[in-house]
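Asks:
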Amino acid sequence: MTRDDTHAAAIRLYEVGSRIRSLCEGLKLVSDEGPQCNSGLVLDFADVIQTLASEVSSVGETIEKAGQVTAPPATAATAWLEAIAAYIVARTISEATPDDAPNVDELTDVWCVAMDKLIDLPAPRHADILYKLALIEDRFEGGMIPDDYMAAIKADIRRLGKLGAEA
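Spelled out as structure tokens, the structure:
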């Protein structure tokens with residue numbers, strides 16, 4: 001990952017923190033009637049993401065100005081990081097929502113879709129295949145793994161195997 005890729009990922013990560021805050025407001029997770037989920041936990045998570053983004057940025061610019069900076073187009077590595085961040089955000093919000101909340105099913109669907117997108121992306125490294133497998137194992141708890149998930153994992157192994165053989 002180049003310095004520009006790292007900076008672009010940091011900008012996008014900071015923007016994810018901002019989107020979490022917007023999502024909380026948009027889903028009315030924080031409202032006058034009280035939270036429908038543990039909004040404090042979600043907002044703390046947003047702060048952690050934004051702090052991490054600030055630390056990741058190594059170009060000396062103030063990352064708080066990320067809204068004024070146009071990030072370069074995503075590379076495969078930044079697309080992978082963005083997909084992981086989207087999954088973590090969606091899963092965290094879903095798990096922080098009480099089971100009896102009216103939007104709990106919708107929030108579960110959101111993290112499942114985010115996971116589907118993550119599994120579909122080519123894994124940049126062998127370790128990322130293991131990450132995918134851990135997510136699959138957690139979601140399906142020993143049940144049947146969908147064929148498209150297995151196809152994605154096999155494609156990752158083949159592709160990374162060829163890259164290793166060519167190196």
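Going by the UniProt record's numbering, 70 is the number at position 70 of the sequence shown; the sequence numbering is gapless. Note that beta-carbon positions come from the ideal geometry of N, C-alpha and C, so glycine has one too. For clarity, every value in this text was computed on a predicted model and none was experimentally measured.
Over what stretch of residues does the alpha helix (DSSP H) that includes M101 continue unbroken?
Replies: Here the sequence assigns Ala to residue 101, which means Met is not the residue at that position. Careful: A101 lies outside any alpha helix (DSSP H) and carries neither H nor E.
Asks: Can the beta-carbon of A152 be found closer than 9 Å to that of D109?
Replies: No.
Asks: Please tell me whether A123 and R91 are closer than 9 Å, where the distance is taken between their beta carbons.
Replies: Result no, Cβ atoms of A123 and R91 do not sit closer than 9 Å.
Asks: If you draw a straight line from the alpha carbon of L133 to that of I84, how long is it in whole angstroms?
Replies: Distance between the alpha carbons of L133 and I84: 14 Å.
Asks: Under 9 Å between the Cβ atoms of L160 and I136?
Replies: Not in contact: L160 and I136 (Cβ atoms no closer than 9 Å).
Asks: Would you kindly work out how many angstroms separate the C-alpha atoms of V104 and P146, rounded to a whole number?
Replies: V104 and P146: Cα-Cα distance of roughly 23 Å.
Asks: Can you tell which of A155, I93, A127 has the C-alpha that lies nearest to the C-alpha of C112?
Replies: Out of A155, I93, A127, I93 has the C-alpha closest to the C-alpha of C112.
Asks: So what's L121 in DSSP terms, helix, strand or just coil?
Replies: Coil, per DSSP.
Asks: At which residues does the alpha helix (DSSP H) containing E137 begin and terminate?
Replies: E137 -> alpha helix (DSSP H) spans 126-140.
Asks: What's the call for T62, buried or exposed, on a 16-neighbour Cβ count within 10 Å?
Replies: Residue placement at T62 is flagged as unreliable, the pLDDT there being 43, under the threshold of 50; the coordinate-derived value follows with that caveat. By the neighbour-count rule (16 or more Cβ atoms within 10 Å), T62 is not buried but exposed.
Asks: Out of E141, L107, D116, which has the shortest C-alpha to C-alpha gap to D148?
Replies: If we check each option's Cα against that of D148, D116 comes out closest.
Asks: Do L81 and T97 have their beta-carbon atoms positioned less than 9 Å apart in this structure?
Replies: Contact flag unset, no.
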